[in-house]
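At the far end of the sequence shown sits residue 282, using the working numbering, and the numbering has no gaps.
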Amino acid sequence: MSTAGSLELDTITRKSRAVKAAGVLFGMGVGGLIDGILFHQLLQWHHMICFSCHPGATAEDVRRNIFADGLFNVVAFGLTVAGVGKLWRALRAGVDPLPGRLLPGAAAVGWGVFNLVEGVIDHHLLQLHHVRPGPGQLAWDLAFLAFGALLVLGGSRLMRGAPRAAAA
Numbered sequence: 115m116s117t118a119g120s121l122e123l124d125t126i127t128r129k130s131r132a133v134k135a136a137g138v139l140f141g142m143g144v145g146g147l148i149d150g151i152l153f154h155q156l157l158q159w160h161h162m163i164c165f166s167c168h169p170g171a172t173a174e175d176v177r178r179n180i181f182a183d184g185l186f187n188v189v190a191f192g193l194t195v196a197g198v199g200k201l202w203r204a205l206r207a208g209v210d211p212l213p214g215r216l217l218p219g220a221a222a223v224g225w226g227v228f229n230l231v232e233g234v235i236d237h238h239l240l241q242l243h244h245v246r247p248g249p250g251q252l253a254w255d256l257a258f259l260a261f262g263a264l265l266v267l268g269g270s271r272l273m274r275g276a277p278r279a280a281a282a
């Protein structure tokens, strides 16, 4: 391969990596926001740290739950913004990530990574909370992990089938 061709391939590979990183960050953030909005606020199945998930919980326990959930959402939003920022920089550098499956695949991987990390650490190792506490909580926690693994596998498959991001 010629030196010019090698440099062009290196540039395209570097730009593809930037799109993948942007998608993974974005997916992690969106996965966190979906978790926080769906499970914490709408369904109210759990909180980031279940201070009030026991009989005799006080108003102060509820306040601490809301605060911990808020911190969780700030981190998830930060990851989302970081992903959008990284994608913006890639677009300004001349990358065209929108045709193909690179960006959605990377976002799916990011969401899956979020589920796997959050599920293993918070549900199993630290036991800060469970997806749905009570009877069958292990099944809910394992389903959360399985969904994360499916997102990683499906997103990886999408990325493998995607053409490399090309310079515009």
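Beta carbons: idealized from backbone N, C-alpha and C, even for Gly.
Bear in mind the structure is a predicted one, so any value in this text is a computation, not a measurement.
- Excluding sequence positions up to five before and after Phe228, its CB lies within less than 6 Å of the CB of Met142, Gly145, Gly146, all in the same chain and listed in chain order.
- Boundaries of the alpha helix (DSSP H) around Gly192: 173 to 206.
- The criterion of a C-beta distance shorter than 8 Å is not satisfied by Leu265 and Gly197.
- Contact check for Leu216 against Lys129 fails: the beta carbons are separated by 8 Å or more.
- Following the DSSP letters along the chain, one finds Asp255 inside the alpha helix (DSSP H) bounded by residues 251 to 274.
- A straight-line Cα-Cα distance of about 19 Å links Leu156 and His168.
- For a cut-off of 8 Å, the C-beta gap from Ala222 to Leu272 is around 7 Å, short enough to register as a contact.
- In terms of CA proximity to Gln158, Val245 leads the group Ala136, Trp202, Val209, Val245.
- Burial state of Leu240 is exposed, judged by a 10 Å Cβ sphere holding fewer than 16 other Cβ atoms.
- Taking 8 Å as the cut-off, the beta carbon of Ala190 is found no closer than this to the beta carbon of Ala136.
- DSSP, read as helix, strand or coil, puts Val209 in strand.
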